[in-house]
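Input: a single structure, listed below in structure tokens.
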Amino acid sequence: ANKNFMMLFVAYTVVCTAHSMSSATLSAALRTTGMDISIIGMVSATMSWAAFLIRPFSAPIVDRGNKKKVYICAVGLFTVAIFLYSQCVKNPSLAVPAKIIHGIAWTFISTVTAVVLSEYVPREDYGTALGFFMISQMIASAISQPIAFELANLFGYQTMYLIFGCVAAAGLILICFTAPTKKQNLEKSVFSNLKLENLFAKEAILPMLVNVAYQGTKSGLNVFIAAFALEELNLANIGIFSTCVSLTAWVARPFLGSLLDKKGAKVTLLPAGIAFSVGLISLAMAQNILYFCIAGILIGFGQSGISPVLTAISMRTVPENRKAAANATNYLGMDLGSAIASTAGGFVVTAFGFRAGFTAFIAPVMLATILAAYYLNKTEKQAVNS
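Yeah, the sequence shown ends on 959 if you go by our numbering, and it's all consecutive.
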């Protein structure tokens with residue numbers, strides 16, 4: 574079991590590394606072809622729309638299908654998407670199919686990884702194993718962008734994507750060598766008994782809406798930050814921002830998690846929302862790399878205060894047998910937020926400039942924080958009174 578765990582861990586880490594470098598670098602790569610920022614925003618949004626449409630069906634396919642085969646297909650598709658990105662510099666029209674393929678592949682990867690992992694580790698060690706996978710995600714997002722931009726500056730974007738495509742392919746080969754997953758004895762097809770309540774939890778709508786604002790803002794920043802840094806401040810490698818976000822989130826998450834358990838959601842959410850907003854102000858005022866580091870630290874702190882709260886709330890609102898639906902609803906908020914922010918952000922940036930775009934993101938973040946804090950205050954009071 575340990576050999577399978579290690580292979581899966583390494584594969585997931587390299588796949589995450591290739592994934593997390595893609596959004597910021599692709600916007601910068603497309604900018605070098607002269608593509609307009611509003612078009613880049615719309616191109617980036619196609620990935621989120623693809624994920625949004627496919628996500629409700631990913632859970633039943635993963636639950637009822639052959640998990641290892643699903644995983645291999647998903648990582649295979651993902652690898653194809655990275656190789657397609659390498660051709661976007663010469664042929665920008667390939668960016669849309671590449672983003673759609675990436676969106677579908679990543680939806681399945683994010684759904685299936687934890688499920689496959691559960692077959693390779695004993696039940697009592699699963700929480701620890703999952704913790705390692707969360708860390709690998711953080712490491713990937715901390716190191717991927719600085720390395721990617723450095724490679725792009727040295728060899729050009731096309732070569733950089735080819736290198737990352739080979740990295741993703743190495744992950745795919747490792748997954749092929751893991752042990753087969755358990756066979757499902759299904760009399761019926763994968764899609765039989767599909768009910769809306771198994772795909773979507775209406776009880777989790779509030780956390781989903783908060784996620785639209787937060788995750789959307791985070792994705793919007795990722796799309797526009799590299800172009801802003803290069804065009805207005807002549808900073809070629811803006812990967813340090815992503816590193817600061819990831820490292821801060823890694824350090825802050827355990828502290829904010831215990832704060833959530835001891836003091837409740839409201840005390841955790843409000844400081845997180847304010848930190849996130851001040852981070853956006855720092856970006857809007859940026860003059861040099863230090864501003865990006867400060868923004869990264871504040872946004873990393875803000876995000877790690879919010880994500881666990883949202884997951885906890887959406888899980889608390891539903892009975893045991895609908896936890897997957899609640900989680901899927903939460904993810905739908907992320908997909909929807911990313912799609913809206915990339916599209917709307919592109920138009921705002923084109924019309925008013927990058928700094929106005931970053932400032933505009935403050936409104937949904939603070940609105941979502943205040944709404945969530947009010948709602949949580951009410952539900953916590955009800956819990957005390959009942």
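Ideal Cβ placement from N, Cα and C applies to all residues, glycine included.
This structure is a prediction, so every number in the text was calculated from the model and none was measured.
Would you call residue i buried or exposed, if buried means 16 or more other Cβ atoms sit within 10 Å of its Cβ?
i, result
"Leu842", "buried"
"Ile913", "buried"
"Ile655", "buried"
"Arg696", "exposed"
"Asn900", "buried"
"Phe797", "buried"
"Ala624", "buried"
"Ala924", "exposed"
"Ala591", "buried"
"Gly812", "buried"
"Asp609", "exposed"
"Met594", "buried"
"Met733", "buried"
"Ala574", "For Ala574, the pLDDT reaches just 49, beneath the cut-off of 50, and the residue's location in the model is therefore unreliable, although a value from the coordinates is still provided. When all chains shown are included, Ala574 counts as exposed."
"Gln781", "Note on residue identity: the sequence assigns Met, not Gln, to residue 781. Buried, because 16 or more other Cβ atoms sit within 10 Å of the Cβ of Met781."
"Leu727", "exposed"
"Tyr967", "The structure shown does not extend to residue 967, since the chain spans only 574 to 959, so no value can be given for it."
"Ile943", "exposed"
"Gly906", "buried"
"Met711", "buried"
"Gln788", "buried"
"Pro629", "buried"
If you measure between the beta carbons of residue i and residue j, is that distance less than 7 Å?
i, j, result
"Tyr699", "Ser691", "yes"
"Ser877", "Ala838", "no"
"Phe773", "Tyr693", "no"
"Leu745", "Thr652", "yes"
"Gly918", "Gly614", "yes"
"Ala933", "Ile879", "no"
"Ile935", "Leu883", "no"
"Asn795", "Glu723", "no"
"Lys641", "Thr754", "yes"
"Ser659", "Gln731", "yes"
"Ala857", "Arg928", "yes"
"Ser887", "Ala715", "no"
"Ile867", "Ser850", "no"
"Val921", "Gly930", "yes"
"Val583", "Leu747", "yes"
"Pro670", "Leu603", "no"
"Ala632", "Val783", "no"
"Ser792", "Ser911", "yes"
"Ala687", "Cys589", "no"
So what's residue i in DSSP terms, helix, strand or just coil?
i, result
"Gln860", "coil"
"Phe750", "coil"
"Gly830", "helix"
"Val685", "helix"
"Leu949", "helix"
"Thr606", "coil"
"Gly926", "coil"
"Ala574", "Because Ala574 sits at a pLDDT of 49, beneath the cut-off of 50, its placement in the model cannot be relied upon, and the following sentence gives the value as read from the coordinates. In this structure, Ala574 counts as coil in the three-state DSSP scheme."
"Phe630", "helix"
"Leu808", "coil"
"Thr890", "coil"
"Gly837", "coil"
"Gly729", "coil"
"Asn900", "helix"
"Ala623", "helix"
"Phe934", "coil"
"Asn558", "This structure cannot settle anything about residue 558, because the visible part of the chain is limited to 574 through 959."
"Lys755", "coil"
"Gly638", "coil"
"Asn784", "helix"
"Pro719", "helix"
"His592", "helix"
"Val669", "helix"
"Pro695", "coil"
"Phe849", "helix"
"Phe801", "helix"
"Phe705", "helix"
"Asn795", "helix"
"Ala914", "helix"
Assuming residue i and residue j are in contact, meaning their beta carbons sit under 8 Å apart, how far apart are those beta carbons, in whole angstroms?
i, j, result
"Leu581", "Thr701", "Actually they do not touch by this definition, with Cβ atoms about 14 Å apart."
"Ala799", "Thr598", "7 Å"
"Ile870", "Thr821", "5 Å"
"Val616", "Lys672", "6 Å"
"Val785", "Leu909", "5 Å"
"Ile677", "Ile645", "Not quite, the Cβ-Cβ distance comes to about 14 Å (not below 8 Å), so this is no contact."
"Ile682", "Val635", "Not really, about 10 Å apart at Cβ, beyond 8 Å."
"Val587", "Ala743", "6 Å"
"Ala885", "Leu833", "7 Å"
"Tyr585", "Phe706", "6 Å"
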